[in-house]
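J.: In my numbering, the protein residues as written are 1 to 155.
Sharing a structure, written as structure tokens. Questions coming.
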Amino acid sequence: MFKKFSSEEVSAQNQVKASVQRKIRQSIAEEYPGLEPVLDDLLPKKAPLIVAKCQNHLNLVLVNNVPLFFNIRDGPYMPTLRLLHQYPNIMKKLQVDRGAIKFVLSGANIMCPGLTSPGGALDDEVEAETPVAIMAEGKQHALAIGFTKMSAKDM
1 MFKKFSSEEV SAQNQVKASV QRKIRQSIAE EYPGLEPVLD DLLPKKAPLI VAKCQNHLNL
61 VLVNNVPLFF NIRDGPYMPT LRLLHQYPNI MKKLQVDRGA IKFVLSGANI MCPGLTSPGG
121 ALDDEVEAET PVAIMAEGKQ HALAIGFTKM SAKDM
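Spelled out as structure tokens, the structure:
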């Protein structure tokens, strides 16, 4: 989604009111309980919070002009890859095998065989429509973020 993202795709940037800022903080705290100790550092109460509205119903949450979270069509907030690299344990993880890496980086959807093959790994607690970090076999950092269409038990 962000592979060819440019500033021309941003249609509006607005500093949000304190009530909206509290609502965003609360939503992020509920979705990612692992961020609770550092949430005040990431989203300071006194720092201005900017929401940038982009094409394709995408909203970016910026603090000090640094994108930290995004959501699509007012869905759940998801961290950017840079934030996920700083705090890798905030999301549930799925691992694809080595053969899928180049296709995922090119923008392909992840299919069940890439997760259920010998190099892949599933977290059994993942339900359908859950935001997950996509890890790669033999790699330290996540290579993508996405939603599951099926639960891990159905895969």
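Note that beta-carbon positions come from the ideal geometry of N, C-alpha and C, so glycine has one too.
Relative to the C-alpha of L62, which candidate in C112, E36, R98, Q21 has its C-alpha closest?
T.: Q21
J.: Pick helix, strand or coil for P76, following the three-state DSSP scheme.
T.: In the structure shown, P76 sits in coil (DSSP, three-state: anything other than H, G, I, E or B).
J.: So D191 packs on K92, CB below 8 angstroms; how close in whole Å?
T.: An answer regarding residue 191 cannot be provided, because it is not within the stretch 1 to 155 covered by the chain.
J.: Start and end of the alpha helix (DSSP H) containing A29?
T.: 18 to 31
J.: Return the chain-ordered list of same chain residues with a C-beta closer than 7 angstroms to the C-beta of Q13, the five sequence neighbours on each side being excluded.
T.: I50, A52
J.: Quick one, are the C-beta atoms of T191 and M78 less than 8 angstroms apart?
T.: This structure cannot speak to residue 191, because the chain is shown only from 1 to 155.
J.: Count the other CB atoms within 10 Å of the CB of F147; is the residue buried (16 or more) or exposed (fewer)?
T.: Exposed, since its Cβ has fewer than 16 Cβ neighbours within 10 Å.
J.: Bridge partners of M135, per DSSP?
T.: M135 is bridged to Q95.
J.: Using the Cα positions of V126 and N59, report the straight-line distance between them to the nearest angstrom.
T.: 25 angstroms
J.: Go ahead and pull the three-state DSSP assignment for V63.
T.: strand
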